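In our numbering, the protein residues as written are 5 to 433. Please read the structure below before turning to the comments.
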């Protein structure tokens with residue numbers, strides 16, 4: 005039976021996606037699970053798999069189209085069956101029109117010098133040609149192209165895109181890098197004083213926000229305006245956990261070592277078993293306590309943050325949690341996340357421990373009810389049994405939607421979390 009392939013919803017507030025590339029064409033055979041198309045969301049470029057097997061009978065959207073969530077992009081079926089009922093009125097997915105790229109302004113070439121009839125007249129020294137003006141507005145480039153450009157130190161404003169609508173893709177960046185760097189910008193003039201050197205003031209710079217940054221802004225403004233946040237902070241003894249991590253990692257190869265964050269993710273998941281009210285979402289006047297415990301992990305990517313999701317975290321061993329999070333974070337930074345990487349979180353964590361942060365708070369990721377902000381495990385002076393000594397301590401702060409829970413429950417959660425972080429053998433049984 006023929007089936008429609010629709011634009012998937014890959015996030016709480018996703019409304020549309022940009023069709024980047026068809027991996028399969030009309031008439032090609034496709035199996036369930038094969039990569040069918042690449043789309044770009046506010047978060048990343050995602051490879052969408054076919055959920056049906058058969059032949060691609062019809063493609064209803066083209067490269068560069070902006071397609072609403074739920075709109076039919078393709079039809080998969082047997083070669084001879086009728087598909088008329090699955091084709092939307094008008095015969096296509098009715099994608100929104102992509103904004104037309106701004107017309108490129110031709111750069112005037114320097115006029116050739118006109119020979120003078122009177123050789124005795126001195127000619128002014130030729131002036132260097134002005135550098136081409138930077139493009140106005142956002143630079144259209146895929147997330148992968150942006151990452152490659154950053155790695156290769158290529159200025160995207162100097163790259164000509166060959167993708168749909170002039171979009172810059174990976175091969176454009178690599179070609180620009182192979183062609184060599186653009187001429188260096190002139191040095192900033194420096195004023196010399198009697199006892200100091202003062203650099204000239206830099207001009208203002210206007211940067212167009214990315215789709216990802218715009219999406220983050222929309223969601224977090226909505227969260228802070230509509231969700232009454234409250235916060236509870238607790239400090240944890242980390243000496244035993246750090247020692248256990250050291251012992252565990254001595255048995256693991258370099259690419260599989262477990263981080264402090266992996267221990268915290270597992271501890272949070274086990275603690276949520278005791279506090280299902282925090283593993284929940286609000287639906288009108290009802291609280292829906294989620295059966296699965298799926299921990300979202302905030303990952304830094306080009307231009308913002310992306311939350312990848314470790315499913316059924318409470319049921320997985322530490323080593324598996326660590327491997328899954330590393331793999332998903334890697335795909336996120338390459339702009340190649342899978343739909344299941346970013347969908348279905350029930351509780352989120354945000355860790356700034358790698359930046360030597362003492363404490364911070366995080367904004368709840370709707371529609372969840374809470375998020376845990378994890379700071380650095382630091383050596384600090386502590387007093388135990390009346391004695392001053394050095395100890396490892398880590399602060400964490402939970403942000404909770406006050407419509408779903410209250411301070412007492414959040415404090416009990418943070419207290420129960422201490423049992424796993426301060427006695428980490430509990431995480432192994």
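Where a beta carbon is used, it is the ideal one built from N, C-alpha and C, also for glycine. Model, not experiment: these values are computed from the prediction.
Length of the line joining the Cα atoms of residue i and residue j
{"i": "residue 145", "j": "residue 382", "result": "40 Å"}
{"i": "residue 243", "j": "residue 397", "result": "8 Å"}
{"i": "residue 423", "j": "residue 18", "result": "38 Å"}
{"i": "residue 238", "j": "residue 174", "result": "45 Å"}
{"i": "residue 4", "j": "residue 272", "result": "This structure cannot speak to residue 4, because the chain is shown only from 5 to 433."}
{"i": "residue 432", "j": "residue 321", "result": "8 Å"}
{"i": "residue 92", "j": "residue 30", "result": "17 Å"}
{"i": "residue 153", "j": "residue 365", "result": "32 Å"}
{"i": "residue 329", "j": "residue 314", "result": "7 Å"}
{"i": "residue 227", "j": "residue 305", "result": "21 Å"}
{"i": "residue 82", "j": "residue 22", "result": "28 Å"}
{"i": "residue 416", "j": "residue 270", "result": "18 Å"}
{"i": "residue 178", "j": "residue 38", "result": "28 Å"}
{"i": "residue 89", "j": "residue 8", "result": "10 Å"}
{"i": "residue 71", "j": "residue 181", "result": "33 Å"}
{"i": "residue 155", "j": "residue 149", "result": "10 Å"}
{"i": "residue 164", "j": "residue 84", "result": "43 Å"}
{"i": "residue 210", "j": "residue 157", "result": "20 Å"}
{"i": "residue 391", "j": "residue 399", "result": "22 Å"}
{"i": "residue 44", "j": "residue 349", "result": "20 Å"}
{"i": "residue 183", "j": "residue 334", "result": "29 Å"}
{"i": "residue 388", "j": "residue 229", "result": "42 Å"}
{"i": "residue 293", "j": "residue 347", "result": "17 Å"}
{"i": "residue 64", "j": "residue 20", "result": "15 Å"}
{"i": "residue 161", "j": "residue 393", "result": "55 Å"}
Residue from the options with nearest C-alpha to residue i
{"i": "residue 49", "options": "55, 24, 61", "result": "24"}
{"i": "residue 367", "options": "351, 361, 213", "result": "351"}
{"i": "residue 401", "options": "354, 386, 390", "result": "354"}
{"i": "residue 290", "options": "298, 281, 296, 297", "result": "281"}
{"i": "residue 10", "options": "286, 77, 68", "result": "77"}
{"i": "residue 307", "options": "5, 147, 7", "result": "147"}
{"i": "residue 345", "options": "300, 270, 79", "result": "300"}
{"i": "residue 286", "options": "258, 374, 163, 60", "result": "374"}
{"i": "residue 246", "options": "421, 399, 317, 428", "result": "428"}
{"i": "residue 54", "options": "40, 349, 64, 219", "result": "40"}
{"i": "residue 248", "options": "430, 12, 64, 61", "result": "430"}
{"i": "residue 2", "options": "220, 12, 143", "result": "Since the first residue of the chain shown is 5 and the last is 433, residue 2 is not available in this structure."}
{"i": "residue 252", "options": "326, 389, 62, 170", "result": "326"}
{"i": "residue 343", "options": "312, 316, 161", "result": "312"}
Environment of residue i [buried if 16+ CB atoms lie within 10 Å]
{"i": "residue 332", "result": "buried"}
{"i": "residue 255", "result": "exposed"}
{"i": "residue 74", "result": "exposed"}
{"i": "residue 14", "result": "buried"}
{"i": "residue 360", "result": "exposed"}
{"i": "residue 268", "result": "buried"}
{"i": "residue 86", "result": "exposed"}
{"i": "residue 380", "result": "buried"}
{"i": "residue 384", "result": "exposed"}
{"i": "residue 132", "result": "Low local confidence applies: a pLDDT of 49 at residue 132 is under 50, so the model's placement there is unreliable, and no value is given."}
{"i": "residue 109", "result": "Low per-residue confidence applies at residue 109: pLDDT is 42, beneath 50, and the placement is therefore not dependable enough to give any value."}
{"i": "residue 303", "result": "buried"}
{"i": "residue 35", "result": "exposed"}
{"i": "residue 358", "result": "exposed"}
{"i": "residue 341", "result": "buried"}
{"i": "residue 56", "result": "buried"}
{"i": "residue 257", "result": "exposed"}
C-beta atoms of residue i and residue j nearer than 9 Å
{"i": "residue 234", "j": "residue 403", "result": "yes"}
{"i": "residue 410", "j": "residue 231", "result": "no"}
{"i": "residue 336", "j": "residue 310", "result": "yes"}
{"i": "residue 276", "j": "residue 262", "result": "no"}
{"i": "residue 6", "j": "residue 79", "result": "yes"}
{"i": "residue 159", "j": "residue 166", "result": "no"}
{"i": "residue 278", "j": "residue 412", "result": "no"}
{"i": "residue 68", "j": "residue 206", "result": "no"}
Cβ separation of residue i and residue j, assumed to be a contact under 8 Å, to the nearest whole Å
{"i": "residue 426", "j": "residue 241", "result": "5 Å"}
{"i": "residue 236", "j": "residue 414", "result": "4 Å"}
{"i": "residue 323", "j": "residue 260", "result": "7 Å"}
{"i": "residue 395", "j": "residue 386", "result": "4 Å"}
{"i": "residue 27", "j": "residue 42", "result": "7 Å"}
{"i": "residue 339", "j": "residue 215", "result": "That pair is no contact at about 12 Å."}
{"i": "residue 370", "j": "residue 223", "result": "6 Å"}
{"i": "residue 318", "j": "residue 356", "result": "So it is not a contact: roughly 24 Å between Cβ atoms."}
Cutoff 9 Å: residue i Cβ touching any chain B Cβ
{"i": "residue 301", "result": "This model lacks chain B altogether, as it is built from one protein chain only."}
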